[in-house]
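Chemist: Got a structure here, written out as structure tokens. Questions coming.
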Amino acid sequence: MTYTARRYAFEDGKEPFSLWFKALRDFRAKAAILKRIERLEAGNFGAAKPCRNGVHELVVDFGPGYRVYYGLVGKEIVLLLCAGDKRTQQADIDRAISYLDDYRERTR
């Protein structure tokens with residue numbers, strides 16, 4: 046089964062994942078993260094772990110332990126919520142839950 050990766054956006058159109066990714070300076074890390082997202086789209090969830098409230102953590106085995114937080118929307122969409130690294134893990138999970146709740150509320 047294949048999925049389509051989409052990015053969560055605030056009402057003003059800004060995307061937390063995109064803002065984080067753009068600020069990331071390590072090009073090899075960016076490549077590793079994009080490759081991991083491509084594998085998600087192909088249905089290979091690998092080392093993804095459920096967090097809570099429908100948010101999952103995708104561990105990217107590179108650098109300081111990058112994580113991408115996502116939720117599944119229906120049966121075909123992986124919604125990229127936000128990202129960070131091991132140091133910001135708990136705050137990132139809390140933000141991802143808030144973003145997914147907001148998305149669900151706005152798309153009812």
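Going from the sequence shown to this note's numbering is simple: count from 1 and add 45. Note that the Cβ used here is the ideal one computed from N, Cα and C, for glycine as well. Remember, predicted model here, so these are calculated numbers, not experimental data.
1. Are the CB atoms of residue 114 and residue 2 within a distance shorter than 8 Å?
2. Here's the rule: buried if 16 or more other CB atoms are within 10 angstroms of the residue's CB, otherwise exposed. What is residue 112?
3. Assuming residue 48 contacts residue 122 (C-beta within less than 8 Å), just tell me the rounded distance between them.
4. For my contact list, residue 142 and residue 73 are in at a C-beta cut-off of 8 Å; report their separation, rounded to the angstrom.
5. What is the rounded straight-line gap between the Cα of residue 70 and the Cα of residue 108?
6. From the DSSP output, read off the bridge partner residues of residue 127.
Modeler: On the basis of the data shown:
1. Summary: the structure shown does not reach residue 2, with the chain confined to residues 46 through 153, and so no result is reported for it.
2. buried
3. 6 Å
4. At roughly 30 Å, the Cβ-Cβ gap does not stay under 8 Å, so residue 142 and residue 73 are not in contact.
5. 12 Å
6. 114
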